[in-house]
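Below you'll find the structure, written out as structure tokens, and then a few comments.
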Amino acid sequence: MKLGRVTGKVWATAKDPKLNGLTLYVMQPVDENDKFLGTELVVVDTVGSREGDLVYWVGGAEATFPFSDRQIPSDATIVGLVDRLDIVTDGTA
Amino acid sequence: MKLGRVTGKVWATAKDPKLNGLTLYVMQPVDENDKFLGTELVVVDTVGSREGDLVYWVGGAEATFPFSDRQIPSDATIVGLVDRLDIVTDGTA
Amino acid sequence: MKLGRVTGKVWATAKDPKLNGLTLYVMQPVDENDKFLGTELVVVDTVGSREGDLVYWVGGAEATFPFSDRQIPSDATIVGLVDRLDIVTDGTA
Amino acid sequence: MKLGRVTGKVWATAKDPKLNGLTLYVMQPVDENDKFLGTELVVVDTVGSREGDLVYWVGGAEATFPFSDRQIPSDATIVGLVDRLDIVTDGTA
Amino acid sequence: MKLGRVTGKVWATAKDPKLNGLTLYVMQPVDENDKFLGTELVVVDTVGSREGDLVYWVGGAEATFPFSDRQIPSDATIVGLVDRLDIVTDGTA
Numbered sequence: 001m002k003l004g005r006v007t008g009k010v011w012a013t014a015k016d017p018k019l020n021g022l023t024l025y026v027m028q029p030v031d032e033n034d035k036f037l038g039t040e041l042v043v044v045d046t047v048g049s050r051e052g053d054l055v056y057w058v059g060g061a062e063a064t065f066p067f068s069d070r071q072i073p074s075d076a077t078i079v080g081l082v083d084r085l086d087i088v089t090d091g092t093a
Numbered sequence: 001m002k003l004g005r006v007t008g009k010v011w012a013t014a015k016d017p018k019l020n021g022l023t024l025y026v027m028q029p030v031d032e033n034d035k036f037l038g039t040e041l042v043v044v045d046t047v048g049s050r051e052g053d054l055v056y057w058v059g060g061a062e063a064t065f066p067f068s069d070r071q072i073p074s075d076a077t078i079v080g081l082v083d084r085l086d087i088v089t090d091g092t093a
Numbered sequence: 001m002k003l004g005r006v007t008g009k010v011w012a013t014a015k016d017p018k019l020n021g022l023t024l025y026v027m028q029p030v031d032e033n034d035k036f037l038g039t040e041l042v043v044v045d046t047v048g049s050r051e052g053d054l055v056y057w058v059g060g061a062e063a064t065f066p067f068s069d070r071q072i073p074s075d076a077t078i079v080g081l082v083d084r085l086d087i088v089t090d091g092t093a
Numbered sequence: 001m002k003l004g005r006v007t008g009k010v011w012a013t014a015k016d017p018k019l020n021g022l023t024l025y026v027m028q029p030v031d032e033n034d035k036f037l038g039t040e041l042v043v044v045d046t047v048g049s050r051e052g053d054l055v056y057w058v059g060g061a062e063a064t065f066p067f068s069d070r071q072i073p074s075d076a077t078i079v080g081l082v083d084r085l086d087i088v089t090d091g092t093a
Numbered sequence: 001m002k003l004g005r006v007t008g009k010v011w012a013t014a015k016d017p018k019l020n021g022l023t024l025y026v027m028q029p030v031d032e033n034d035k036f037l038g039t040e041l042v043v044v045d046t047v048g049s050r051e052g053d054l055v056y057w058v059g060g061a062e063a064t065f066p067f068s069d070r071q072i073p074s075d076a077t078i079v080g081l082v083d084r085l086d087i088v089t090d091g092t093a
């Protein structure tokens, strides 16, 4: 999973019917220091996150696993809100 | 999902038979400010998008989920037209 | 899918038996202007392409969908020959 | 698989229920010389690794294979602790 | 598939039991001119390759297809040894 910061919302009327009823956010991937990385993604929310939240999300086929009852065409899904990050080692060997 | 802008059409006669009848577009990935990113992709359309439209699309195995009745060899599929993007926070913490 | 240009052939005797009988090419990913991008890939051909052809190809698990009768260990497969590309808009909004 | 160094822990209360009971770490991808690469990931642990350990991990759908009894929404999972790396050739032909 | 050069071996005692009995190598992705690219990977071998060999390998879920009898948590698997590469065109149109 990767870290991300929810930054906006997507409004779309014409879309795949399997996406109906799901909230779509614009999200920025971030690192552990909340530095923005790469490019915004459009993500499906599953945990009630809101704009501004720090979240972790899955990409790829795993992005569909929270929806066991249907095959959602999503490749990026928020699966948790981050309460706290403990960085124990900075990894420089 | 990622954002994209439809920029052209692909004409192909020799192709995998499972792709017959599907519209193939050239699409440019874009960010939330409509800035072009990376490289053009060839995408399958499922929502009636046209050249010039702002869309969001899925990559990977999820690109096949809109086609529940057959296994399409697609790794990039348009699943929605974007009506509006609300950017609530710019994410700089 | 992405665009590519077939540039060479791979000869291999020791290989996964599921790849027996399939043609393996060296292919260069290209953009819509035929500019070479990134790194050569080894791809499985399914449409009778030849060295020099402009093709589009799928990556990921979808690369196995043209082979419905067996699970091919391929993550890059040519699924169509490009006859023509019509670029309708250059996407600069 | 790729190499990684466990650098921290993630605390999260609101998350996908399928992730309950699993340890989530912050991990830095590293190369064979333990040089840090790219961006930290949030990973699921399956082998009892701890902060500071050198591990190898799988990404993508394969990240769910250690959990045969349930579909975990994970796209990065630690599957082994590295005891030793023997670099036999530096690969320069 | 991509090309790679086997450069070393991984020794690991604590690992996912599904990886028991499989040889794990350190491999460098290379291009068609044997130039090293990107970062070393940890790969599972299926064709009896050895340190120094030029191989081609699959990434993603397809990396598990050579193991039809079990779900291996591998995202990078060697599936062939390269005997010869014929580069017919350099692709510059």
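Protein chains in written order, with my numbering: chain A, 1 to 93; chain B, 1 to 93; chain C, 1 to 93; chain D, 1 to 93; chain E, 1 to 93. Quick reminder that beta carbons are idealized off the backbone N, C-alpha and C, glycines included.
Between the Cα of residue i and the Cα atoms of the options, which residue gives the shortest distance?
{"i": "valine 10 of chain C", "options": "C/Glu51, C/Lys2 and C/Val47", "result": "C/Glu51"}
{"i": "valine 88 of chain E", "options": "C/Gly4, C/Val58, C/Lys2 and C/Gly8", "result": "C/Gly8"}
{"i": "valine 30 of chain C", "options": "C/Lys18, C/Leu22, C/Pro17 and C/Asp53", "result": "C/Asp53"}
{"i": "leucine 85 of chain B", "options": "A/Trp57, A/Ala76 and A/Val42", "result": "A/Val42"}
{"i": "valine 26 of chain B", "options": "B/Thr39, B/Asn33 and B/Asn20", "result": "B/Thr39"}
{"i": "glutamate 32 of chain B", "options": "B/Met1, B/Ala76 and B/Asp75", "result": "B/Met1"}
{"i": "serine 49 of chain E", "options": "E/Thr77, E/Lys18 and E/Asn20", "result": "E/Thr77"}
Within the 8 Å Cβ cut-off, does residue i reach chain E?
{"i": "aspartate 16 of chain C", "result": "yes"}
{"i": "threonine 46 of chain D", "result": "yes"}
Check whether the Cβ atoms of residue i and residue j sit closer than 8 Å, and answer yes or no.
{"i": "glutamate 62 of chain A", "j": "alanine 63 of chain D", "result": "yes"}
{"i": "lysine 15 of chain C", "j": "valine 44 of chain E", "result": "no"}
{"i": "valine 55 of chain E", "j": "valine 6 of chain E", "result": "yes"}
{"i": "proline 73 of chain D", "j": "phenylalanine 65 of chain A", "result": "yes"}
{"i": "valine 3 of chain E", "j": "valine 82 of chain E", "result": "The question names valine, but residue 3 of chain E is leucine in the sequence shown. Cβ atoms of leucine 3 of chain E and valine 82 of chain E: closer than 8 Å."}
{"i": "glutamine 28 of chain D", "j": "serine 68 of chain A", "result": "no"}
{"i": "glycine 59 of chain A", "j": "aspartate 34 of chain A", "result": "no"}
How about residue i: is its C-beta nearer than 8 Å to some C-beta of chain D?
{"i": "alanine 93 of chain A", "result": "Reliability of the predicted coordinates at alanine 93 of chain A is poor, the pLDDT of 43 falling under 50, and the value obtained from them is presented with this limitation in mind. Yes, its Cβ sits closer than 8 Å to a Cβ of chain D."}
{"i": "valine 79 of chain A", "result": "yes"}
{"i": "threonine 7 of chain A", "result": "no"}
{"i": "tyrosine 25 of chain A", "result": "no"}
Applying a beta-carbon distance threshold of less than 8 Å, which residues of chain B neighbour residue i?
{"i": "threonine 39 of chain A", "result": "Lys2, Pro29, Asp31 and Leu37"}
Taking residue i as the query, report the chain C residues whose CB atoms sit under 9 Å from its CB, ordered along the chain.
{"i": "arginine 87 of chain B", "result": "Per the sequence shown, the amino acid found at residue 87 of chain B is isoleucine instead of arginine. The contacting residues do not exist; isoleucine 87 of chain B stays about 16 Å from chain C at best."}
{"i": "serine 49 of chain B", "result": "Going along chain C, no residue has its Cβ under 9 Å from serine 49 of chain B, so there is no contact; the nearest lies around 12 Å."}
For residue i, return the contacting residues in chain C, with the cut-off set at a CB-CB distance below 8 Å.
{"i": "alanine 61 of chain E", "result": "Gly60 and Ala61"}
{"i": "threonine 13 of chain B", "result": "Leu81 and Asp83"}
Between which two residues does the beta strand (DSSP E) holding residue i run?
{"i": "arginine 5 of chain A", "result": "2–11"}
{"i": "proline 29 of chain E", "result": "24–29"}
{"i": "aspartate 86 of chain D", "result": "84–87"}
{"i": "leucine 37 of chain A", "result": "Careful: leucine 37 of chain A lies outside any beta strand (DSSP E) and carries neither H nor E."}
{"i": "glycine 80 of chain A", "result": "76–81"}
{"i": "aspartate 53 of chain B", "result": "Segment: none, aspartate 53 of chain B is in no beta strand (DSSP E) and carries neither H nor E."}
{"i": "leucine 19 of chain A", "result": "First-last for leucine 19 of chain A: undefined, no H or E at that position."}
At least one CB of chain A closer than 8 Å to the CB of residue i: is that the case?
{"i": "threonine 64 of chain D", "result": "yes"}
Can you list the residues of chain D that residue i reaches, using a CB-CB cut of under 7 Å?
{"i": "leucine 22 of chain E", "result": "Chain D residues near leucine 22 of chain E: none, gap ~11 Å exceeds 7 Å."}
Would you say residue i lies against chain C (beta-carbon separation less than 8 Å)?
{"i": "serine 74 of chain E", "result": "no"}
Which residues in chain E have a C-beta closer than 7 Å to the C-beta of residue i? List them in chain order.
{"i": "valine 42 of chain C", "result": "Met1, Lys2, Leu3 and Tyr56"}
Would the beta-carbon of residue i be found less than 7 Å away from any heavy atom of the ligand FMN?
{"i": "leucine 81 of chain A", "result": "For the structure depicted, the ligand FMN is absent and the ligand set is empty, with no information on it obtainable."}
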